[in-house]
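Sequence lines, in order, name chains E and D.
Read left to right, the first sequence gives residues -10 to 490 (my numbering).
Read left to right, the second sequence gives residues 64 to 382 (my numbering).
Everything below concerns the one structure shown next.
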Amino acid sequence: MTALLELHAVDKAFGAVRVLRGVDFTVEPGRVVALAGENGAGKSTLMKIITGIYRRDAGSMLYRGQDMQFTTARQSMDAGIAMIHQELNLLPALSVGENIFLGREPVDRTGRIQWSEIDREARYWLAQLKQDIDPRTETGRLSIAQQQMVEIARALSMNAEVIIMDEPTDSLTDVETKILFDVVGQLKADGKGLVFISHRLGEIFQMCDDVAILRDGNMVHQGPVAEIDEDTLIRHMVGRELSDQYPFVPAKPSDVRLKVENLVAKGVRKMSFEARAGEVVGFAGLVGAGRTELGKAIYGANPVRSGRVEIDGVEMQLRSPRDGVLAGIGYVTEDRKLEGLIQSHGLRRNMSLTGLFRFTGRSGHIDKRAEREEITEYINAFSIKTHGIDAIVSQLSGGNQQKVSIAKSLVPQPRILILDEPTRGVDVGAKREIYTLINELKAQGLCILLMSSDMPELLGISDRILVMSNGLLTGSFDRDEADQETIMRCTVAGLTEGTVE
Amino acid sequence: MKRSFDLKAFALENIPLIGLIVLMAAVSLYSPNFLSVDNLLNILRQTSINAIIAMGMTFVILTAGIDLSVGSILAFAGAVCASMIAADTPLMVALLTTLVIGGALGAASGTIVAYFGVQAFIATLVGMTMVRGLVLVYTDGRPISTGNFDVANSFYEVGGGYVAGIPIPVIIAGFVFLICWYVLNNTRIGRYVYAIGGNEQVAQLAGVNVARVKVIVYAISGALAALAGIILTARLESAQPTAGLAYELDAIAAVVLGGTSLAGGRGRITGTLIGALIIGVLNNALNIMDVSSYYQMIAKGAVILLAVVLDGRSKTTSK
Ligand SMILES: Nc1ncnc2c1ncn2[C@@H]1O[C@H](COP(=O)(O)OP(=O)(O)OP(=O)(O)O)[C@@H](O)[C@H]1O
Ligand SMILES: [Mg+2]
């Protein structure tokens, strides 16, 4: 069988930084090829070269046997290559249907947009993904996971021959991931060629036929998944052995740091729980369970309608994120592109934004030396791959952006840390670094709330797990009692309890 | 190899400065007199008013806002100041009161933008219209002379005097520049200004008091417009009801010529200063060349367009 897409000896550099070196890569019809590699290995760059967003410096590309050089994303789209980008690319103010057909709206002869057609098609593709979303909904109102499903629907609706998925699952829970895999199975059967990028290695073994591994811009391995095991895969990715993915240190018993009583807010109905200093409390739940809203309510970013929040025994009135920061709460958003980082600004400005008061006196004068030292420390401690302290955030790889986002929340030295999907898009090695860091912070007495849709991660590093469903608390487990099965049952337990607005 | 790369990066970073130098070189070829100390000081003095307004405007534009009310505030401040001087108010009292009034008018627009969610364009358009109305009511449509008291003489110095051969307005503009530069580059509020323009939602979630910063930014713009009004009134020894008409356009042009993005979050106060100088040099050169004022406007528009296009191109092709 001939390959759909064949890249040979592709080179790419950004300025003086060489990102891809002589890379070969093949996509075959009816197969899913996984593209693995650490953060910043060059995966997204390679995909953007295929779709014409970036130009290769050297090398060749055959698409369906023909030499090709796309110069715009539009060209590759018209030629039958669809890509789901790592960062969401939807326009929040447009409707779901408009987003799905953005730039290729069906028109009649007079040039009028055929709304009914958009509506019908959008409905069809969303139904394929088992999403009960009205195409006329304003996209910005959807959760991140739902938006991701809209992105997927958009790619599917192009009826492309090659579909590239750059970390499509990193904001999905198991349920949506399963749906996606079923759809991918169909596409495979139809003879499409698929590329799948993910840092959740389990998924690679679960649904890919081949795996290609990039390390520092070199293609170090490409072959069938069946011939490789996880340890070998990791070794190829990071160039060394990694042991013990979830290093766990039990919490020392200590005082209650955070007490939430009957908290009601948008998306949250009557939540009560306690979390101690030096403890990691994991929150499990489906998309829309209210975990993000709960985290934001505690931080002050989601208005609290009733209920009490106590920190170290003192009742708090948190009306804005500013109050949250001053009360000693650190918050890492699940949506680093829109809410976490200023994409067009440098690393330093982003990282010190929340904790700027630590480098200024009353006069507001910034002690730039202290700032530089601290930021540099974080860059080293988190091994953030960057060419400088003022490198523009949008030019960092996705995983490195995530690390910047976490570091940013730590600069103000919080007492409580709320982590919403903290390892989204982070590679295995760096995930482990983040877990180790969580353990360190925990040992220093921080109280950590961890919202994650990655179940093994939740089970692996939480001291306790609370389950939310439909805005309610539906389960509470100690580490030893928790297992995937029971938790899954609780995640749907609230669904019968009326609806949350 | 490495060296030439750096040079290119430097050039791309400093297009406004290079533009200014090229412009000055070209004009001096045409008219050797252009580079005389007298003429250069003259340009600086003429530029100072627009530069001061434009520096305030820079703050606003960096937050992704815009301030159309500066011309009207300038006129109102001038009128109030002139009548105070004419009533023999002590100089410092008159100046400070005027600055506070300008700041308050700016803060009012800022409040409407920040707390009522009205778009900056609309809010300051309303401000521009209403304050201009206020000027006409206050002056009854006639100029206000600064009068014959002694204080009027010292007041004149603010706009027409010299210290060590340098026009006082230029010295004032220099001070304003230093303060603005310091605030934008070395203080918390400066960082917040950039952050809000870069992504307001991110700034909000990071605990920045976005609304407060916005009010401050418009207050700065208003106060600097009032300062410009003081200088203009002092120099003319009277306040004109139509003073400052369309000044907002020159200020915005200076900011944009200086490379600050109208989308907010990116730009430098140094750029604004250079932008104001480009406009000043251009005006001066067109006068030296005896170009009629009708054609001057066309030429000015063309230069601004050229600069913005060049700048935009350098920013999109750096991929
Ligand atoms: N537009 C750009 N300008 C400069 N450098 C860039 C640009 N885009 C990417 N890079 C750099 O290229 C390298 C590879 O980035 P890329 O996004 O391809 O990584 P990745 O393998 O997709 O990583 P991740 O798993 O974190 O998404 C990184 O070091 C990144 O900083
Ligand atoms: Mg990537």
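All residues carry an ideal CB built from backbone N, CA and C; glycine is no exception.
Within chain D, the residues that residue i reaches when beta carbons sit closer than 9 Å
i, result
"residue 355 of chain E", "248, 249, 250, 251, 253, 254"
"residue 338 of chain E", "254, 257, 258, 261"
"residue 290 of chain E", "267, 268"
Proximity test, residue i beta-carbon vs ligand 2 heavy atom, cut-off 7 Å
i, result
"residue 155 of chain E", "yes"
"residue 386 of chain E", "yes"
"residue 32 of chain E", "yes"
"residue 75 of chain E", "yes"
For residue i, the residue or residues it bridges with in DSSP
i, result
"residue 305 of chain E", "E:298"
"residue 322 of chain E", "The partner list for residue 322 of chain E (beta bridge, DSSP) is empty, contrary to what the question assumes."
"residue 188 of chain E", "Looking at the DSSP assignment, residue 188 of chain E forms no beta bridge with any residue, so it has no partner."
"residue 273 of chain E", "E:456"
"residue 436 of chain E", "E:268, E:405"
"residue 21 of chain E", "E:183"
"residue 354 of chain E", "D:250"
"residue 207 of chain E", "E:204"
For residue i, the first and last residue of its enclosing alpha helix (DSSP H)
i, result
"residue 145 of chain E", "133 to 145"
"residue 168 of chain E", "163 to 178"
"residue 445 of chain E", "444 to 450"
"residue 57 of chain E", "No alpha helix (DSSP H) holds residue 57 of chain E; DSSP gives it neither H nor E."
"residue 413 of chain E", "Segment: none, residue 413 of chain E is in no alpha helix (DSSP H) and carries neither H nor E."
"residue 82 of chain D", "78 to 93"
"residue 218 of chain E", "Taken as a continuous stretch (DSSP letters only), residue 218 of chain E belongs to no alpha helix (DSSP H), as it is neither H nor E."
Residue i: contacting residues in chain D (beta-carbon distance under 7 Å)
i, result
"residue 314 of chain E", "270"
"residue 333 of chain E", "261, 328, 329"
"residue 349 of chain E", "251"
"residue 501 of chain E", "The structure shown has nothing for residue 501 of chain E, since chain E only spans -10 to 490."
"residue 495 of chain E", "Outside the displayed range of chain E (-10 to 490) lies residue 495 of chain E, so it cannot be described from this structure."
Near ligand 1: residue i beta-carbon under 7 Å from a heavy atom
i, result
"residue 14 of chain E", "no"
"residue 207 of chain E", "no"
"residue 416 of chain E", "yes"
"residue 374 of chain E", "yes"
"residue 382 of chain E", "no"
"residue 389 of chain E", "yes"
"residue 122 of chain D", "no"
"residue 228 of chain E", "no"
"residue 78 of chain E", "no"
"residue 492 of chain E", "For chain E, the structure presents residues -10 to 490; residue 492 of chain E sits outside this window and is missing."
"residue 339 of chain E", "no"
"residue 41 of chain E", "no"
"residue 335 of chain E", "no"
"residue 28 of chain E", "yes"
"residue 221 of chain D", "no"
"residue 200 of chain D", "no"
For residue i, the first and last residue of its enclosing beta strand (DSSP E)
i, result
"residue 464 of chain E", "461 to 467"
"residue 199 of chain E", "199 to 204"
"residue 250 of chain E", "245 to 254"
"residue 441 of chain E", "Per DSSP, residue 441 of chain E belongs to no beta strand (DSSP E) and is neither H nor E."
"residue 0 of chain E", "-6 to 3"
"residue 71 of chain E", "70 to 73"
"residue 7 of chain E", "6 to 16"
"residue 49 of chain E", "47 to 52"
"residue 155 of chain E", "151 to 155"
Under 8 Å between C-beta atoms of residue i and residue j
i, j, result
"residue 201 of chain D", "residue 297 of chain D", "no"
"residue 152 of chain E", "residue 144 of chain E", "yes"
"residue 267 of chain D", "residue 276 of chain D", "no"
"residue 200 of chain E", "residue 184 of chain E", "no"
"residue 380 of chain E", "residue 336 of chain E", "yes"
"residue 458 of chain E", "residue 274 of chain E", "yes"
"residue 115 of chain D", "residue 290 of chain D", "yes"
"residue 456 of chain E", "residue 449 of chain E", "no"
"residue 406 of chain E", "residue 435 of chain E", "yes"
"residue 78 of chain E", "residue 139 of chain E", "no"
"residue -7 of chain E", "residue 12 of chain E", "no"
9 Å Cβ cut-off: residues of chain E touching residue i
i, result
"residue 264 of chain D", "327, 328"
Interface residues of chain E facing residue i [CB-CB closer than 7 Å]
i, result
"residue 267 of chain D", "310"
Proximal residues of chain D, C-beta to C-beta of residue i below 8 Å
i, result
"residue 485 of chain E", "What residue 485 of chain E touches in chain D: nothing, since even the nearest Cβ is about 34 Å away."
Proximal chain B residues relative to residue i, where beta-carbon distance stays under 9 Å
i, result
"residue 342 of chain E", "Included in the structure are the protein chains E and D, with no chain B among them."
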